[in-house]
Amino acid sequence: MNRASAQGTQLDTLRDRGYVVVPRFVRADELVRLNQAARLQLAARADPIEFEADLQYPGAPPSRTAVGGETVRRLLDAYGREPIFAARSRAPELRAWMESYFGESVLMSRVHHNCLMTKHPRYGSLTNWHRDIRYWSFAQEDLVSVWVALGAEHIENGGLWFVPESHRLEFTADRFDEARFFRADRSDNAEVLRSAESPRLAPGDAVFFHCNTLHSAGQNHSDHVKFSLVHTFHGRSNSPKPGSRSASQAEVALT
Ligand SMILES: O=C(O)CCC(=O)C(=O)O
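Residue numbers (my numbering): 121 to 375.
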């Protein structure tokens, strides 16, 4: 299959299923440089950083002063902190992919995601079921994130889980808790979650997912930190709501 028809199939899969894995999205030489930069960035611990203790998701240390309390969850503003991360978010093949999906030119938000996600053994938390739209305020609920696995990702080291086709389901507000996590304790929600799947990602694979796709991730039971680079895009005709957090930082136009 040539590149154009492979991309067409991937776009159809994203539209139908709410997520799609694109194998070997990042070339091996770039992946080596991304991994080197990721490890240097984690060692340097330069701001802005989100700590596991800040969010208090299940498994996180109770405070920054507790044992494991300095465990990093996200190295924020990947775009601003490291040129190779910025270059990855503006890569021509990624731009082409997103433009084909949205049917117009695209922008990248710097407000949420735009980060290097780290998931640490022992103190890394699990993330309960949610839709990423909880992070955003946009005119249309139509944003797509791309999650690049810098190493292997699977159930044992806290890989992502997705509910296929959940981006098209309509739920009343009471199906979610006050933090907008999908309530797994409800029998109707549990039925939805029965079809969840966790794709294994090889280093350099990318998973594209819609902002309304239900997803979650477990804890890291391996001995190694898991690194993933995550950015979110939307079409030019879709705008952050004025005054919202989504509108609080200038976006990056992919040109
Ligand atoms: O790696 C994780 O714990 C999941 C992260 C996630 O789903 C998110 O940031 O929206």
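Glycine residues also receive a C-beta, built at the ideal position from the N, C-alpha and C atoms.
In chain order, what residues of the same chain lie with their CB nearer than 8 Å to the CB of residue i, ignoring the 5 residues before and after it?
i    : result
P212 : none
N248 : Y177, P178, F301, F302, A304, S336
In terms of residue numbering, what span does the beta strand (DSSP E) encompassing residue i cover?
i    : result
W281 : 280-282
F329 : 326-330
M218 : From DSSP, M218 is part of no beta strand (DSSP E) but of the alpha helix (DSSP H) over 212-222.
Y139 : 139-142
G179 : That residue, G179, is in no beta strand (DSSP E); it is neither H nor E in DSSP.
N248 : 247-250
Rounding to the nearest angstrom, what Cα-Cα distance links residue i and residue j in this structure?
i    : j    : result
G363 : Q260 : 16 Å
R300 : L374 : 30 Å
H344 : E276 : 11 Å
L334 : A216 : 25 Å
D294 : E311 : 16 Å
I204 : R153 : 8 Å
M121 : A322 : 20 Å
S366 : V226 : 15 Å
Which same chain residues, not among the five before or five after residue i, have their C-beta less than 6 Å away from its C-beta?
i    : result
R320 : H274
G338 : L246, G278
P143 : D325
L280 : H335, A337
Using the rule of at least 16 other Cβ atoms within 10 Å of the residue's Cβ for burial, across every protein chain shown, is residue i buried or exposed?
i    : result
L160 : exposed
H240 : buried
L175 : exposed
G223 : exposed
D252 : buried
Considering just the uninterrupted stretch of the alpha helix (DSSP H) at residue i, what are its terminal residues?
i    : result
L236 : Not the alpha helix (DSSP H): L236 falls in the beta strand (DSSP E), residues 235-239.
S307 : 307-313
V152 : 148-164
S209 : 203-209
In chain order, what residues of the same chain lie with their CB nearer than 7 Å to the CB of residue i, ignoring the 5 residues before and after it?
i    : result
S368 : V231
E170 : R193, R194, L196
L131 : S220, Y221
H233 : S265, V350, H351, T352
N358 : F258, A259, Q260, D262
- Who sits around ligand 1, taking every residue whose Cβ is closer than 5 Å to one of its heavy atoms? T247, A337
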